[in-house]
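Have a look at the structure below before the remarks.
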Amino acid sequence: MATQFLSRVVLQQVTQRVLANVLEQLPGRLASVEEAATKVSGSDLDRVNALAIDELREQMATTRDLMDQMSVSLAELERRSSWRRTAVNILTAVLAYLLGLGTVVVLMVVSG
8 MATQFLSRVV LQQVTQRVLA NVLEQLPGRL ASVEEAATKV SGSDLDRVNA LAIDELREQM
68 ATTRDLMDQM SVSLAELERR SSWRRTAVNI LTAVLAYLLG LGTVVVLMVV SG
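Be aware that the sequence shown starts at 8, since it is given in this note's numbering, and climbs by one per residue.
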């Protein structure tokens, strides 16, 4: 019980100190990021945007390829399962017919 309390107190102290340090450094970091953002020229920004668009196009092409592969796999899986489902349905119908026929024969023998 005491160890849990001490652990919690230690965790709170560490969290408070880390949070205080982060809050002290945050304004300076934000100012440096804003300065760096204003230094980027228009041509650099255009080049960065073009590279980002190219990367997105590559990712989209990869995603399309994966979707095509998944579509083929899904079609194959559906084809396999449809044959199995058809076979199970035929087997069930034959068994039901034989069970009904057997019941009729047994009832005729018993009543007859």
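Heads up, the beta-carbon is just placed ideally off N, CA and C, and yes, glycines get one too.
Remember, it's a predicted structure, so these values are computed and weren't measured experimentally.
Under the three-state DSSP convention, the category residue i falls into
i           : result
residue 35  : helix
residue 109 : helix
Straight-line gap, residue i to residue j (C-alpha atoms, nearest Å)
i           : j           : result
residue 109 : residue 77  : 47 Å
residue 80  : residue 91  : 17 Å
residue 104 : residue 116 : 18 Å
residue 101 : residue 111 : 15 Å
residue 94  : residue 56  : 56 Å
residue 59  : residue 23  : 39 Å
residue 71  : residue 89  : 26 Å
residue 30  : residue 37  : 11 Å
residue 113 : residue 73  : 59 Å
residue 53  : residue 63  : 15 Å
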